[in-house]
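Chemist: When the sequence shown is numbered by the numbering used here, its final residue is 467 and no position is left out of the sequence of numbers.
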Amino acid sequence: MSKAADAGAARPTRLEKDSLGTLEVPADAYYGVQTARAVANFPISGERLHREMVRAMARIKIAAARTHGELGVLDKAKADAIIRAGEEVAAGTHDAHFVVDAYQAGAGTSFHMNVNEVIANRACEILGGQRGDTKLVSPNDHVNMAQSTNDVIPTAIRLAAYELSGPVVEELEALARSFADRAAAFRTVLKSGRTHLQDAVPVTLGQEFSGYQVCAEGWAASLARSREGLLALGLGGNAAGTGINAHPQYREKVVAHLATLTGAPYRSAPNLFEAMQSMAPFVRLSNDLRGWCLDLTRIANDLRLLASGPTTGFNEVILPAVQPGSSIMPGKVNPVIAEMTNMVCFQILGYDTTVAYAAQAGQLELNVMMPVIAHNLHRSLAMLAPTLRVLRTTCVDGITANEDVCRGYFDRSISLATALNPYIGYLAAAEVAKEAAKTGRTVVEIVRERKLLTEEQIATAFSAETMTGVKR
């Protein structure tokens, strides 16, 4: 057969049946008929739910099969095959078979059935059968026993978000330590403060960076608290929270198995109806990401301002040069890491807006917008951790102070006149400031010329300790 003829040959298929009828499915696919319908129905974005969501779903199926095997309501051989297939899925062995678009059927039924079908068909093979043999292992009756999309999907979002948020908290804490290190290194570097982007009373560069440190520490603590809110699971509520079709011991046992599988202290939610209806844990976590990104954007912009120039800007700090900054201007170096950080923050703000709109769109017993919540929340978390790591390791850790420039701004700042208030009053001090601005002379030079203070008073009033509270 020629290459052209071979390329045009039809892909082998198998025939599968669901409640709507029969449909051809690729013979080599682990997914089945319901997944094939979803692929045909939702050719939307080409994007998939995050890989961590697949792993979370596999773990839920493993925990359920273990529970049902122990309770004697699922044949041990089937349970063991489902567990083994689920472990393969969790390990990423069958990632190519998760093909449903992120924008899909409400609540995530299409993605859920994709998982059920892959695990069922792989379990069939493990038992010596063929893919598509639903009598041997059924995606609905066996893999999905005592489960519903309505309790499985919100549980999986929690599991995935918990895993993805851990590195974010760790990187945020590491960034705070990096800011603390820079604050210590710059502790005595005097400079002019700025408010309204105008000269203000002096500060040290270390004090400026200590503000970034404490800001990062606060958001790390807040994210850690929101992360804890993901540990209460509604698994066992089934279709509406009542636990219909589930063994009386299923709810307790399946959550215990998940805790063992993941090493996280998962527990059953006190009210399964609320756990299904409300997306509050995801909103809280996303809100924290939003709040931190607003502050992180501000900090990244500060770094860009402080490093601006080098001849026509502030030029108070020097950011590590990581790549050339222009295709036409030789020698130009841009604050590209801070710029990248801004872009990521803007994207996460957009993701948070989607989460917020989707969270309020639930009705009665269910929020059907869960797929888009998962998609946006998990992408935010997955993007933020490496962003913080790159910002820390390739930018913040290597920031140095341009001490001469900082001191020059300090000496020339007309806001040094503020130190005169206790000695000559606000109005007289304002006259000194105006003359300094008009003549270009320093405040101290004018004070000496007018004999407004003694040399001892000048030394005290304009000392670093008096003006910033920092002892050398």
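A virtual CB, placed ideally from N, CA and C, is assigned to each residue, including glycine.
Computed from a predicted structure; not experimentally measured.
Secondary structure at ASP194, three-state DSSP: helix, strand or coil?
Modeler: Here ASP194 sits in strand by DSSP.
Chemist: Please state whether the Cβ-Cβ distance between ALA51 and LEU218 is less than 8 Å.
Modeler: It is not a contact, given that the beta carbons lie outside the stated cut-off.
Chemist: Give the secondary structure of PRO149 by DSSP, where H, G and I count as helix, E and B as strand, and everything else as coil.
Modeler: Helix.
Chemist: I'd like to check one pair, THR463 with VAL184: are the Cβ atoms closer than 8 Å?
Modeler: No. Outside cutoff.
Chemist: Name the DSSP bridge partner or partners of GLU11?
Modeler: LEU18.
Chemist: Confirm, please, whether the CB-CB distance from ARG279 to SER221 is below 8 Å.
Modeler: Going by C-beta atoms, SER221 is nearer than 8 Å to ARG279.
Chemist: Determine the direct distance from the alpha carbon of LEU298 to that of PHE106, and round the result to whole angstroms.
Modeler: Approximately 43 Å, taken between the alpha carbons.
Chemist: Return helix, strand or coil for VAL438, following the three-state DSSP convention.
Modeler: Three-state result, VAL438: helix.
Chemist: Are the CB atoms of ALA412 and ALA428 within a distance shorter than 8 Å?
Modeler: In contact: ALA428 and ALA412 (Cβ atoms closer than 8 Å).
Chemist: Per DSSP, ALA227 is paired with what?
Modeler: According to DSSP, ALA227 bridges with ARG262.
Chemist: Rounded to the nearest angstrom, what separates ALA2 and GLY101 at their Cα positions?
Modeler: For ALA2, the predicted model reports a pLDDT of 48, less than 50, meaning its position is unreliable; a value from the coordinates is still stated below. So the alpha carbons of these two residues sit roughly 36 Å apart.
Chemist: Taking Cβ positions, are TYR352 and SER187 nearer each other than 8 Å?
Modeler: No.
Chemist: Looking only at its own chain, which residues have a Cβ that is under 6 Å from the Cβ of GLN29, when we skip the five neighbours before and after it?
Modeler: Hits under 6 Å: ASP13 and MET108.
Chemist: What residues in its chain sit with their C-beta under 7 Å from that of LEU301, if we drop five residues either side in the sequence?
Modeler: So the qualifying residues of the chain are PHE309, GLU311 and VAL312.
Chemist: Any idea which residues DSSP pairs GLN358 with across the strands?
Modeler: Per DSSP, LEU361.
Chemist: By DSSP, does LEU218 sit in helix, in strand, or in coil?
Modeler: If DSSP states are grouped into helix, strand and coil, LEU218 belongs with the helices.
Chemist: Pick from LEU226, LEU44, GLN244 and VAL367: whose alpha carbon is nearest that of TYR261?
Modeler: Out of LEU226, LEU44, GLN244 and VAL367, LEU226 has the C-alpha closest to the C-alpha of TYR261.
Chemist: Name the DSSP beta bridge partners of LEU185, please?
Modeler: LEU185 pairs with THR199.
Chemist: Take TYR207 as the anchor and find which of ARG172, VAL110, GLY232 and GLY236 has the nearest alpha-carbon.
Modeler: Considering only alpha carbons, the answer is ARG172.
Chemist: Is ASP82 near ILE57, with beta carbons less than 8 Å apart?
Modeler: The sequence shown places Glu at residue 82, rather than the Asp named in the question. Yes.
Chemist: Which residues in the same chain have their Cβ closer than 7 Å to the Cβ of ALA151, if we skip the five residues on either side of it in sequence?
Modeler: Excluding residues within five positions, the ones whose Cβ falls inside 7 Å are MET48, ALA51, MET52 and ILE55.
Chemist: Specify the secondary structure class of THR449 as computed by DSSP and reduced to three states.
Modeler: THR449: coil per DSSP, three-state reduction.
Chemist: Let me know if LEU192 comes out buried or exposed under the rule of 16 or more other beta-carbons within 10 Å of its beta-carbon.
Modeler: Exposed.
Chemist: If you follow the alpha helix (DSSP H) that HIS252 is in, where does it begin and where does it stop?
Modeler: Where HIS252 is concerned, the enclosing alpha helix (DSSP H) stretches over 245 to 257.
Chemist: Select from LEU267, ILE368, THR395 and ASN337 the residue whose C-alpha is nearest the C-alpha of VAL385.
Modeler: It is ASN337.
Chemist: Between the C-alpha atoms of ILE332 and PHE457, what's the straight-line distance to the nearest angstrom?
Modeler: Spanning the two alpha carbons is a distance of roughly 37 Å.
Chemist: Going along the chain, which residues of its own chain have a beta-carbon closer than 6 Å to the beta-carbon of ALA380, five neighbours each way excluded?
Modeler: Cβ within range, chain order: PRO162, VAL163 and GLU166.
Chemist: Taking only runs of the alpha helix (DSSP H) that begin and end inside the stretch 98 to 150, which ones reach a length of at least 4 residues, in chain order?
Modeler: DSSP runs (the alpha helix (DSSP H)) wholly in the stretch 98 to 150: 104 to 121.
Chemist: With 16 as the cutoff for other CB atoms within 10 Å, does ARG503 come out buried or exposed?
Modeler: Shown here, the chain extends from -4 to 467; a query on residue 503 therefore has no answer.
Chemist: Can you tell me whether ALA2 is helix, strand or coil according to DSSP?
Modeler: Its pLDDT being 48, under 50, ALA2 is placed unreliably by the model, and nothing is read from it.
Chemist: Would you kindly work out how many angstroms separate the C-alpha atoms of THR461 and ALA454, rounded to a whole number?
Modeler: So the alpha carbons of these two residues sit roughly 10 Å apart.
Chemist: Which one or two residues does DSSP pair with THR395 in a beta bridge?
Modeler: DSSP, once it has assigned bridges, lists ILE313 as partnering THR395.
Chemist: Can you give me the start and stop residues for the alpha helix (DSSP H) that GLY64 sits inside?
Modeler: 46 to 66 is the span of the alpha helix (DSSP H), which, as asked, contains GLY64.
Chemist: Keeping to the same chain, check which residues put their C-beta closer than 6 Å to that of VAL443; ignore five residues upstream and five downstream.
Modeler: Inspection of the sequence shows that residue 443 is occupied by Arg rather than by Val. Taken in chain order, the list of residues that qualify is empty.
Chemist: From GLY67 to ALA85, what distance separates their C-alpha atoms?
Modeler: C-alpha separation (whole angstroms): 24 Å.
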